[in-house]
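Peer 1:
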Amino acid sequence: MTEYGFIVDTIKDVSPNKNMKMFKAQIKNNKLYTLLGSLVNNKTLYIKSYAKIKDKYYFGNEIEHKLIEDNVLYIEKDLIIDSQEKLNELAEKKYTSIRQRNNSSSLIITGNVNDISGLNTIEILELHFLRIEDSKIENLNGFNKLKSISSGHMFYYGVSISNNKSLKKIEGFEEFTTNYSALSIYNNPNLETINSFNKLHVNYDDLQISKNPNLRVVDSFKSLSGLSRLFITENDNLITLNNSFEKLELAVYGTIISNNKNLSKINNFKSLKKTEYLNVENNKLLDEISFPNLETVNWAFNILYNDNLTKLSFPNFKRAEYINFESNNSLINLDGIKDVETDYLFVKFNNSLKNLTSFKNVKIQIHLYGNPLLNSLKGFENVKELKGTFDNAEIKIINNNSLEDLSGLDNLKGVYGVDFSIFDNKNLKSLKGLNNLTSIKSPYGSPRSLSIYENPKLSEYCAIKKFVSNPENNLDTKNNLYNPTIEDILKNCK
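Be aware that the sequence shown starts at 87, since it is given in this note's numbering, and climbs by one per residue.
(1) Can you check which of these residues, Thr382, Phe145, Lys470, Tyr391, is closest to Ser438 by C-alpha distance?
(2) Given a cut-off of 7 angstroms, decide if Ser330 and Phe307 are closer than it, judged by their beta-carbon atoms.
(3) Should Gly85 go down as buried or exposed, given a rule of 16 or more other Cβ atoms within 10 Å for buried?
(4) How many angstroms separate the CA atom of Phe262 from the CA atom of Leu205?
(5) So what does DSSP say about Ile149, is it helix, strand or coil?
(6) Should Tyr523 and Ser545 be called a contact, given that it needs their Cβ atoms to be closer than 7 angstroms?
(7) In three-state DSSP terms, what is Ile575?
(8) Quick check on the DSSP output: what are the complete beta strand (DSSP E) runs of length 3 or more inside the region 300-378, in order along the chain?
(9) Is DSSP giving Phe387 helix, strand or coil here?
(10) What runs of the beta strand (DSSP E), each 3 residues or longer, lie entirely inside the region 444-488?
(11) Which residues mark the beginning and the end of the beta strand (DSSP E) in which Glu427 is found?
(12) With a threshold of 8 angstroms on Cβ separation, who are the neighbours of Asn365 within its own chain once the five nearest residues in sequence on each side are excluded?
(13) Does any CB atom of chain B fall closer than 7 angstroms to the CB of Leu324?
(14) Count the other C-beta atoms from every protein chain shown that fall within 10 angstroms of the C-beta of Ile139, then say buried if there are 16 or more, exposed otherwise.
(15) DSSP three-state label for Val199, please.
(16) Please report the Cβ distance between Lys397 and Gly422, rounded to the nearest whole angstrom; I am assuming they are in contact, meaning their Cβ atoms lie under 8 angstroms.
(17) Distance check for Glu335 and Pro570, CA to CA, integer angstroms please.
(18) Could you pull the DSSP bridge partners for Asp95 from this structure?
(19) Around the C-beta of Glu178, are 16 or more other C-beta atoms found within 10 angstroms, so that it is buried, or is it exposed?
(20) Grab the span of the beta strand (DSSP E) containing Gly110 for me, first residue to last.
(21) For Asn410, which three-state DSSP category applies?
(22) Identify whether Glu178 lies in helix, strand or coil by the three-state DSSP scheme.
(23) The alpha helix (DSSP H) that contains Phe553, what's its start and end?
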């Protein structure tokens with residue numbers, strides 16, 4: 087049985103071996119919840135989450151929290167601050183926290199507000215939303231004592247900094263360590279720099295930096311260790327992420343970096359070990375992608391439409407369910423992902439790709455389409471069979487115009503699924519590499535075909551003699567230089 091909760095102490099390095107307090111927690115929407123009572127003001131507490139599995143404890147990172155004498159503003163509806171005068175009036179009250187009473191109230195800073203530095207006394211926001219939008223702020227420098235933002239209930243939406251036409255720089259949030267909701271910075275047309283949030287340790291929902299067309303530098307989030315999903319998208323002039331996200335270890339539901347036209351390198355994710363999917367797409371000037379400690383992508387690993395990409399470095403990458411390289415027109419090889427295992431491999435329309443890499447295994451599908459310079463299939467030596475849970479295993483080798491034979495598939499014995507297709511490879515001369523192929527059929531035993539069409543130089547078929555020797559196997563050839571029958575192969579090949 088697994089037990090979850092928090093351990094709390096007034097001494098650093100909280101451990102279950104000390105005289106500390108343990109609070110069991112409930113799990114809701116993959117988050118831990120508990121209620122702490124009878125707390126004393128001006129006392130510093132040290133808190134860790136824990137999981138106890140078979141008498142062994144596993145811990146999250148330790149956070150420090152100091153209880154303060156709270157000067158609270160309670161709100162029952164949205165608090166809209168749409169002028170500098172209103173903000174100054176709020177600042178004069180020196181509130182230390184703003185809390186909602188009805189679970190749907192937000193603090194909205196908008197209109198003619200141009201300076202929020204007066205809100206630096208606020209340490210806690212417990213709101214539906216903090217929205218800074220359509221304001222006159224040029225340098226967002228405020229909330230410098232704010233430690234956490236939460237909603238006080240499960241149905242929160244988070245922090246939004248958006249549609250601020252005058253905004254050029256985001257600073258502030260100097261003590262902000264925990265965000266229990268989403269954080270979005272989007273559609274700020276003149277934003278140039280984000281240099282903030284560098285003590286934020288955990289962001290429990292999505293973090294989005296998107297559609298800021300003049301954003302050039304992100305130098306932020308240097309302590310962040312975990313989040314739900316990360317989106318860095320459609321920032322046309324973004325040139326560098328510096329050391330942002332350098333301590334990020336876990337992106338639970340995915341990492342997306344796409345449509346940043348001037349981003350040249352992604353090499354700042356030095357600690358990321360696991361994510362649900364990684365999507366690096368349509369970054370036109372991107373030359374290098376490096377994730378030195380990434381081990382697992384649970385679902386899809388997509389490197390797509392990065393025209394200038396030449397360097398890959400994933401030295402510890404072990405597994406992804408799907409791997410997809412498509413339309414990376416400067417990429418010469420896949421050596422940066424050596425010895426990875428996948429179920430589905432797609433390598434398509436990479437105009438400079440000459441060779442692949444050594445795969446630990448590919449289990450269900452191999453698709454090689456439209457790679458005009460690909461001249462070798464070496465790297466598939468560990469692939470012995472393709473077989474899925476359903477009738478979906480297949481190989482498609484189509485329109486790879488530098489391939490002369492299929493060396494690299496030498497250990498492949500069977501495809502148990504749909505079919506094996508070899509189409510429109512203009513220089514393919516021989517089926518060398520298929521010498522050990524013995525079976526193509528569905529997982530339920532129904533025969534499938536080895537289909538070979540439109541290969542204008544293909545004349546050498548002796549490598550498949552073992553395959554055609556089994557009367558249960560089907561061979562279908564059309565519009566090749568030579569289109570032998572099974573009888574021709576059996577008769578003419580020794």
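Think of the CB as a built atom: it goes at the ideal place given N, C-alpha and C, for glycine as much as any other residue. Source: prediction; values computed, not measured.
Peer 2: Inspection of the coordinates gives the following:
(1) Tyr391
(2) yes
(3) Since the first residue shown for the chain is 87 and the last is 580, residue 85 is missing from the structure and cannot be characterised.
(4) 14 angstroms
(5) strand
(6) With the sequence shown as reference, residue 523 is identified as Leu, and Tyr is not the correct amino acid for it. In this structure, Ser545 does not lie closer than 7 angstroms to Leu523 by Cβ.
(7) helix
(8) 312-319, 336-344, 364-367, 374-376
(9) strand
(10) 447-455, 471-473, 480-484
(11) 427-434
(12) Gly340, Thr341, Ile342, Ile343, Ser344, Ala386, Asn388, Leu390
(13) Checking the listed chains, one finds no chain B in this structure; it contains a single protein chain.
(14) exposed
(15) coil
(16) 7 angstroms
(17) 56 angstroms
(18) Tyr132
(19) exposed
(20) The question names Gly, but residue 110 in the sequence shown is Lys. From DSSP, the beta strand (DSSP E) with Lys110 extends over 107-110.
(21) strand
(22) helix
(23) 551-554
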